[in-house]
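Heads up: the sequence shown begins at 9 in my numbering, then just goes up one per residue. Glycine included, C-beta positions come from ideal geometry on N, C-alpha and C. Nothing here was measured: the structure is a model prediction, and the numbers come from that model.
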Amino acid sequence: MNWDNIDTHAKNWVKEAGEKIRSSFDKTLDIRTKSNPNDLVTNIDQEIEQFFIKKVRETFPEHKILGEEGFGDKFESLDGIVWIIDPIDGTMNFVHQQRNFAISLGVYENGVGKIGMIYDVVHDELYHAMSGQGAYMNGEKLPVSEDRTVKEAIIALNATWVMENRRIDHNLLIPLAREVRGTRSYGSAALELVFVATGRLDAYISLRLAPWDVAGGAVIVEELGGKVTNMRGEKLDFLTQDTLLVARPGLHETILRDYLMNGQWEKNSDSE
Ligand code: 2AM
Ligand code: CA
Numbered sequence: 009m010n011w012d013n014i015d016t017h018a019k020n021w022v023k024e025a026g027e028k029i030r031s032s033f034d035k036t037l038d039i040r041t042k043s044n045p046n047d048l049v050t051n052i053d054q055e056i057e058q059f060f061i062k063k064v065r066e067t068f069p070e071h072k073i074l075g076e077e078g079f080g081d082k083f084e085s086l087d088g089i090v091w092i093i094d095p096i097d098g099t100m101n102f103v104h105q106q107r108n109f110a111i112s113l114g115v116y117e118n119g120v121g122k123i124g125m126i127y128d129v130v131h132d133e134l135y136h137a138m139s140g141q142g143a144y145m146n147g148e149k150l151p152v153s154e155d156r157t158v159k160e161a162i163i164a165l166n167a168t169w170v171m172e173n174r175r176i177d178h179n180l181l182i183p184l185a186r187e188v189r190g191t192r193s194y195g196s197a198a199l200e201l202v203f204v205a206t207g208r209l210d211a212y213i214s215l216r217l218a219p220w221d222v223a224g225g226a227v228i229v230e231e232l233g234g235k236v237t238n239m240r241g242e243k244l245d246f247l248t249q250d251t252l253l254v255a256r257p258g259l260h261e262t263i264l265r266d267y268l269m270n271g272q273w274e275k276n277s278d279s280e
């Protein structure tokens with residue numbers, strides 16, 4: 009498999025898609041809702057996903073595509089080469105703020121991450137890793153992640169998970185939120201993952217993410233030695249929705265052991 013060739017194409021397409029998104033800022037968006045009134049999708053999310061699907065199918069007809077907007081293939085396993093794409097991660101930010109969103113792309117072989125790309129379109133910052141070859145931001149090599157104490161950590165955590173919610177007892181994360189140096193919430197899992205990779209954040213926790221929110225960023229975080237699991241400490245399968253715990257090495261084990269009951273916390277009984 010010529011991974012350099014796949015990587016070069018992926019990078020060109022991500023840049024081209026970013027240009028399309030930037031030029032959409034002067035046009036009127038067609039905004040619709042999906043599962044609930046806050047679950048937004050625009051014509052741009054759909055057009056960008058279709059752009060990637062067309063490019064991948066023309067160039068690599070044997071590869072498969074898993075995309076948020078559902079124009080790709082249907083999956084029971086991640087056998088073969090699979091492109092996992094979120095055309096716009098952080099759609100609510102895209103609609104309301106025209107910033108704090110990213111294109112997220114992961115290329116996996118038999119379930120193993122090979123290429124990760126997160127493109128912060130507004131800042132023209134491309135985060136990129138090929139497994140085993142280091143991680144880069146706009147071509148500049150990123151340093152490996154080192155441990156940090158909980159007291160000195162900034163964690164990304166949405167307020168949803170410390171209010172009563174359907175997924176966990178909201179008391180679970182309160183001690184962690186209290187003891188860290190600070191909490192943040194950016195509203196784009198892809199950016200939160202690369203912020204952990206670059207050390208702007210030390211950890212990121214979410215109770216509800218889909219494979220396309222995480223697949224690209226996970227390759228970048230892991231390439232720099234960071235840890236990516238669900239909140240039980242298990243490997244992600246990139247086929248189903250799951251929880252997420254991403255952190256610097258060491259800090260990941262500490263959070264899991266001291267704040268997440270070694271992964272043995274209970275789900276709320278009425279969670280989906
Ligand atoms: P999205 O913008 O691509 O939908 C912050 O809310 C993060 O969670 C974003 O990365 C967002 O991705 C994702 N997200 C929001 N609602 C979700 C849902 N119902 N299932 C999975 N991921 C979701
Ligand atoms: Ca999306």
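| Item | Value |
| --- | --- |
| Those residues, in chain order, that have a beta-carbon closer than 7 angstroms to some heavy atom of ligand 2 | Asp53, Glu76, Asp94, Pro95, Ile96, Asp97, Thr99, Trp220 |
| Alanine 218 Cβ short of 7 angstroms to ligand 1 heavy atom set | yes |
| Inter-residue Cα distance where the pair is threonine 104 and asparagine 46 | Reading the sequence as shown, one finds histidine at residue 104 and not threonine. The alpha-carbon atoms of histidine 104 and asparagine 46 are separated by roughly 12 angstroms. |
| Assigned secondary structure, serine 214 (DSSP; H/G/I helix, E/B strand, else coil) | strand |
| As assigned by DSSP and simplified to three states, the class of glutamate 200 | helix |
| Distance cut-off 7 angstroms: alanine 3 Cβ against heavy atoms of ligand 1 | Nothing about residue 3 can be reported from this structure: the residues present for the chain run from 9 to 280 only. |
| For serine 6, three-class secondary structure by DSSP | The chain is shown only over 9 to 280; residue 6 falls outside these bounds and no answer can be derived. |
| Chain-order list of residues whose beta-carbon lies under 6 angstroms from that of aspartate 250 (same chain, five-residue window excluded) | Asn238, Leu244 |
| At least 3 beta-carbon pairs within less than 8 angstroms: the stretch 168–187 vs the stretch 131–150 | no |
| Bridge partners - tryptophan 91, DSSP secondary structure assignment | Ile73, Val115 |
| Where the beta strand (DSSP E) containing aspartate 250 begins and where it ends | 250–255 |
| Leucine 259, DSSP secondary structure in three states | helix |
| At least three beta-carbon pairs within less than 8 angstroms, the stretch 218–238 to the stretch 182–191 | no |
| Backbone secondary structure at leucine 247 - three-state DSSP | coil |
| Opening and closing residue of the alpha helix (DSSP H) in which aspartate 128 lies | Premise fails: aspartate 128 lies in the beta strand (DSSP E), 120–128, not in any alpha helix (DSSP H). |
| Simplified DSSP state of valine 22, which is helix, strand or coil | helix |
| For glutamate 57, the residue or residues it bridges with in DSSP | Per DSSP, none; premise fails for glutamate 57. |
| Serine 112 versus valine 227: straight-line alpha-carbon distance, rounded | 11 angstroms |
| Minimum C-alpha distance to lysine 159 - residue among Leu268, Asn179, Arg186, Ala137 | Arg186 |
| The alpha helix (DSSP H) enclosing arginine 186, as first and last residue numbers | 182–187 |
| Within-8 angstroms CB hit, aspartate 94 to chain D | Looking at the structure shown, chain D is missing, and only one protein chain is on hand. |
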